[in-house]
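Notes follow the structure.
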Amino acid sequence: MGPHVRNHGRGAAVVGAGAIVGGVVWGSMADRFGRKPVFVLSLLLLAAASVGLAFTPERGWIYMAVLRVVIGFCTAGYFIQIALVHEFTPPRRRGMLTGIVSAITTGGLLLGAFSGAYVIPALGWRWTFALGAAPAVIALIGAAYIPESPRWLSLQGRDAAARRSIAWALGKSSFDEQLDTPQPVASRGWFELLSCPRSVITTTLINIGLIAGYYGIVLWAPTLLAQIQQFTPALAAKTMIGFAVLGMLARLSAAGLADRIGRRKTGGYFAIASAIALLAAGYIGHGDWLTPSLFWAPLLLAFIFADGSFAVCAAYSTEIWPSRLRGTGSGYAGLAGSVGKILGPLGLAMTAGSNNVVMPSATIGVIVPAFQFLALCLLVCGVTYLTIGIEARGKALESMDHAEEEARAASHSPEYSKNG
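Residue numbering for the sequence shown follows my numbering, starting at 9 and increasing by one per position.
Structure representation (structure tokens):
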């Protein structure tokens, strides 16, 4: 397991760097060219880069690094896909449908654990990357059958195309009702996000805190299970399959709950519960509480609650922006999460006293301070939800447009209006 985990850690850091750039590019493209092109193109590039890794030459570190940067660049389009789903979905179902999309994405972790347990021993590591062709199938289906977001089309003045998209979503031949379209405003690009300071602050803290904590769990869990529970590498991989399945169910459950009690409470309580479970896992794994043989139980709870909060984060990070900035804002959420992927290992290295900031070694001796750091990250996420988070449960996406228009109108004084 050692070399595989170390390479995974280095590669994941490179992926995070690529995703930071991807968040900027995909977000801007989604607002300028539409949500659908970003959805299709990001998945096709992701599949091509993933399959390309199967042909990595011996000692082809540069080749592998370049493709991993491309993979990271493409994964930043995830929140744009969520935005596309949101702009077709009624408010009462938005959280649940986001949860379904989020749960499907855990298939990547599931496939990774499955390949570690079964594919690599039987066929070798190259075949694991062949599984990366799956996104291309989804992209081609989307290109053929899914129309562009009606809200984006309406913002471009393409009302006829917007009506066709709505009719497609409703399963009707036509849609003739009045469209609620925000007033078009010339965009100033990424600086325009500063007109939504609360959205920027909460998106930053929630995504960085959650992703840093969650990624740290995923990064160290297989190694610590092998060390503390005395699992073989294959058994640790099989255990992670179980974790991934339960995490998928947690995402669905949290998404449904978010539609009932709200994003703030669900996302906040799940993140805080994950932090508490992670602290318990650290002390139990170190032998300070109970017995180390029970380490897997609080670790599983931490994983499940973090997964649940992630499903809420996916919904929250896209629905709190006005329509004309939803692509850019969603891209910014992906950028913030990518920063979390880098800060997670960096923080682990600092707390563990390791010189390797890319893939700090997971050992029982440093598990307590390391898990305290990860718990702190999750706590920041949870507290942000509960204190300054924006509640979007049951609200139409147009409410964000109207709020922005009112704020913009209030910001213009009569003197300014007189002077043109």
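Note that CB positions come from ideal geometry on N, CA and C, so glycine has one too.
* For serine 181 and glycine 217, the rounded distance between their alpha carbons -> Counted from its first residue, the sequence shown places residue 217 at position 209. Counted from its first residue, the sequence shown places residue 181 at position 173. C-alpha of glycine 217 to C-alpha of serine 181: approximately 45 Å in a straight line.
* Cβ shell of proline 422 (< 8 Å), same chain only, five flanking positions each side left out -> As a position in the sequence shown, residue 422 is number 414, starting the count at 1. Reliability fails at proline 422, whose pLDDT of 43 lies under 50, so the model's placement of it is uncertain and the value that follows must be treated cautiously. Within the same chain, proline 422 has no close Cβ partners at all.
* Asked: Shortest alpha-carbon distance to cysteine 82 belongs to which of Ala144, Val388 and Tyr324?
  -> Translated into positions along the sequence shown, residue 82 becomes position 74. Taking only the C-alpha atoms, the option nearest cysteine 82 is Ala144.
* Asked: Straight-line CA distance for phenylalanine 63 to proline 241?
  -> To locate residue 63, count along the sequence shown from 1; it is residue 55. To locate residue 241, count along the sequence shown from 1; it is residue 233. Computed Cα separation, rounded: 25 Å.
* Could you check the C-alpha separation between phenylalanine 251 and leucine 308 for me, to the nearest Å? => Counting from 1 along the sequence shown, the entry for residue 251 is found at position 243. Counting from 1 along the sequence shown, the entry for residue 308 is found at position 300. If you take the alpha carbons of phenylalanine 251 and leucine 308, they lie about 7 Å apart.
* To do: Output yes or no for whether 8 Å exceeds the beta carbon distance between tyrosine 324 and glycine 275.
  => In the sequence shown, the residue the question calls residue 324 occupies position 316. In the sequence shown, the residue the question calls residue 275 occupies position 267. Cβ distance < 8 Å, so tyrosine 324 and glycine 275 count as in contact.
* Asked: In three-state terms, what does DSSP make of glycine 339?
  -> For this step, residue 339 is matched to residue 331 along the sequence shown. The answer is helix: DSSP assigns glycine 339 an H, G or I state.
* Asked: By a C-beta neighbour count over all protein chains shown, 10 Å radius and 16 as the cutoff for buried, is leucine 213 buried or exposed?
  -> Residue 213 sits at position 205 when you count from the first residue of the sequence shown. Buried, because 16 or more other Cβ atoms sit within 10 Å of the Cβ of leucine 213.
* To do: Hey, could you find the ends of the alpha helix (DSSP H) isoleucine 216 is sitting in?
  => To locate residue 216, count along the sequence shown from 1; it is residue 208. Counted as a single uninterrupted DSSP element, the alpha helix (DSSP H) harbouring isoleucine 216 occupies residues 205 to 236.
* Closest by C-alpha distance to isoleucine 154, when choosing among Gly24, Phe47, Ala25 and Leu287 -> Here residue 154 refers to the residue found at position 146 of the sequence shown. The alpha carbon of isoleucine 154 has as its nearest neighbour, out of Gly24, Phe47, Ala25 and Leu287, the alpha carbon of Phe47.
* Check whether leucine 92 and serine 50 have beta carbons under 8 Å apart -> Position 84 of the sequence shown, counting from 1, holds the residue named residue 92. Position 42 of the sequence shown, counting from 1, holds the residue named residue 50. In this structure, leucine 92 keeps its C-beta atom at 8 Å or more from the C-beta atom of serine 50.
* For proline 11, collect the residues of the same chain with a Cβ closer than 7 Å to its Cβ; drop the 5 residues on either side in sequence, then sort them by chain order. => Numbered from 1 along the sequence shown, position 3 holds the residue referred to as residue 11. Because the pLDDT at proline 11 is just 36, under 50, the model does not fix this residue reliably, and the point stays unresolved.
* To which residues of the same chain is lysine 44 closer than 6 Å at the C-beta, ignoring the five residues directly before and after it? -> Walking along the sequence shown from the start, residue 44 turns up at place 36. So the qualifying residues of the chain are Glu156.
* Asked: Can you tell which of Gln186, Gly255, Ala175 and Met72 has the C-alpha that lies nearest to the C-alpha of isoleucine 225?
  -> The residue given as residue 225 occupies position 217 in the sequence shown. The shortest C-alpha to C-alpha distance from isoleucine 225 to any of Gln186, Gly255, Ala175 and Met72 is the one to Gly255.
* CB of glycine 35 within 8 Å of CB of serine 338, strictly -> Counted from its first residue, the sequence shown places residue 35 at position 27. Counted from its first residue, the sequence shown places residue 338 at position 330. Result yes, Cβ atoms of glycine 35 and serine 338 sit closer than 8 Å.
* Asked: In angstroms, rounded to a whole number, what distance separates the CA positions of alanine 170 and aspartate 184?
  -> As a position in the sequence shown, residue 170 is number 162, starting the count at 1. As a position in the sequence shown, residue 184 is number 176, starting the count at 1. For alanine 170 and aspartate 184, the gap between their C-alpha atoms comes out near 11 Å.
* Asked: Using CA coordinates, which residue listed in Trp329, Asp267, Gly68 and Ile112 is at the minimum distance from glutamate 95?
  -> Within the sequence shown, residue 95 is the residue found at index 87, counting from 1. Nearest Cα to glutamate 95 within the set Trp329, Asp267, Gly68 and Ile112: Trp329.
* Measure the Cβ-Cβ separation of alanine 310 and alanine 289 and say whether it is below 8 Å. => As a first step, residue 310 must be located in the sequence shown, where it is residue number 302. As a first step, residue 289 must be located in the sequence shown, where it is residue number 281. The answer is yes: Cβ separation under 8 Å.
* State buried or exposed for valine 13, treating a residue as buried only when at least 16 other CB atoms are found within 10 Å of its CB. => Residue numbering aside, residue 13 sits at position 5 when the sequence shown is read from its first letter. At valine 13 the pLDDT is 39, less than 50, meaning the model places this residue with poor confidence; the figure from the coordinates comes in the next sentence. Valine 13 is buried by the Cβ-count criterion.
* Asked: Under 8 Å, do leucine 75 and leucine 61 count as touching if we go by C-beta distance?
  -> Counting from 1 along the sequence shown, the entry for residue 75 is found at position 67. Counting from 1 along the sequence shown, the entry for residue 61 is found at position 53. In this structure, leucine 61 lies closer than 8 Å to leucine 75 by Cβ.
* Asked: Who are the Cβ neighbours of leucine 5 in its own chain at under 6 Å, not counting the five residues just before and after it?
  -> Nothing in the structure corresponds to residue 5, since the chain is present only between 9 and 428.
* **Exposure of glutamine 164, with buried meaning 16 or more beta-carbon neighbours within 10 Å** => Looking up residue 164 in the sequence shown gives position 156. So glutamine 164 ends up on the exposed side.
* To do: Pick helix, strand or coil for lysine 273, following the three-state DSSP scheme.
  => Taking the sequence shown and counting its residues from 1, one reaches residue 273 at position 265. In this structure, lysine 273 counts as helix in the three-state DSSP scheme.
* To do: Indicate whether the contact test is met: 3 or more Cβ pairs, each with one atom in the segment 83 to 90 and one in the segment 229 to 239, closer than 8 Å.
  => Touching, no, given that fewer than three Cβ pairs across the two stretches are closer than 8 Å.
* Asked: Relative to the C-alpha of valine 376, which residue among Leu351, Ile284 and Arg334 is closest?
  -> Within the sequence shown, residue 376 is the residue found at index 368, counting from 1. The option with the nearest alpha carbon to valine 376 is Ile284.
* Grab the span of the alpha helix (DSSP H) containing proline 306 for me, first residue to last. => Along the sequence shown, one-based indexing puts residue 306 at 298. Where proline 306 is concerned, the enclosing alpha helix (DSSP H) stretches over 304 to 327.
* Using beta-carbon positions only, say whether glycine 348 and asparagine 215 come within less than 8 Å of one another. => Counted from its first residue, the sequence shown places residue 348 at position 340. Counted from its first residue, the sequence shown places residue 215 at position 207. In contact: glycine 348 and asparagine 215 (Cβ atoms closer than 8 Å).
* Can you tell me where the alpha helix (DSSP H) with glycine 103 in it begins and where it stops? -> The residue labelled residue 103 in the question sits at position 95 within the sequence shown. Its alpha helix (DSSP H) spans residues 102 to 113.
* Asked: Just how far apart, CA to CA, sit leucine 201 and serine 58?
  -> The count along the sequence shown starts at 1 and reaches residue 201 at position 193. The count along the sequence shown starts at 1 and reaches residue 58 at position 50. Rounded to whole angstroms, the separation of the alpha carbons of serine 58 and leucine 201 is 32 Å.
* Asked: Three or more beta-carbon pairs under 8 Å between the segment 291 to 298 and the segment 253 to 267, yes or no?
  -> Verdict: no, contact absent.
* Asked: By DSSP, does threonine 371 sit in helix, in strand, or in coil?
  -> By one-based count along the sequence shown, residue 371 stands at place 363. Coil at threonine 371, not helix or strand.
* Asked: How would you label isoleucine 149, buried or exposed, when you count the other beta carbons within 10 angstroms and need 16 or more for buried?
  -> Residue 149 sits at position 141 when you count from the first residue of the sequence shown. Exposed is the label assigned to isoleucine 149, since fewer than 16 other Cβ atoms lie within 10 Å of its Cβ.
* To do: Give the DSSP-derived three-state secondary structure of arginine 401 in the structure shown.
  => Numbered from 1 along the sequence shown, position 393 holds the residue referred to as residue 401. Assignment of arginine 401 by DSSP, reduced to helix, strand and coil, places it in the coil class.
* To do: Look at the alpha carbon of proline 99 and the alpha carbon of tyrosine 71, and state the distance between them as a whole number of angstroms.
  => On the sequence shown, residue 99 is found 91 positions in, with the first residue counted as 1. On the sequence shown, residue 71 is found 63 positions in, with the first residue counted as 1. Cα to Cα, proline 99 sits roughly 45 Å from tyrosine 71.
* Nearest to valine 109 by alpha carbon, out of Trp228, Arg206, Ala322 and Leu187? -> By 1-based counting over the sequence shown, the position of residue 109 is 101. In this structure, Ala322 is the residue among Trp228, Arg206, Ala322 and Leu187 with its C-alpha nearest to the C-alpha of valine 109.
* Own chain residues within Cβ distance below 6 Å of glycine 352, not counting five before or after -> By 1-based counting over the sequence shown, the position of residue 352 is 344. If we look at glycine 352 and ignore the five residues flanking it on each side, its Cβ neighbours are Ala220, Tyr223 and Gly224.
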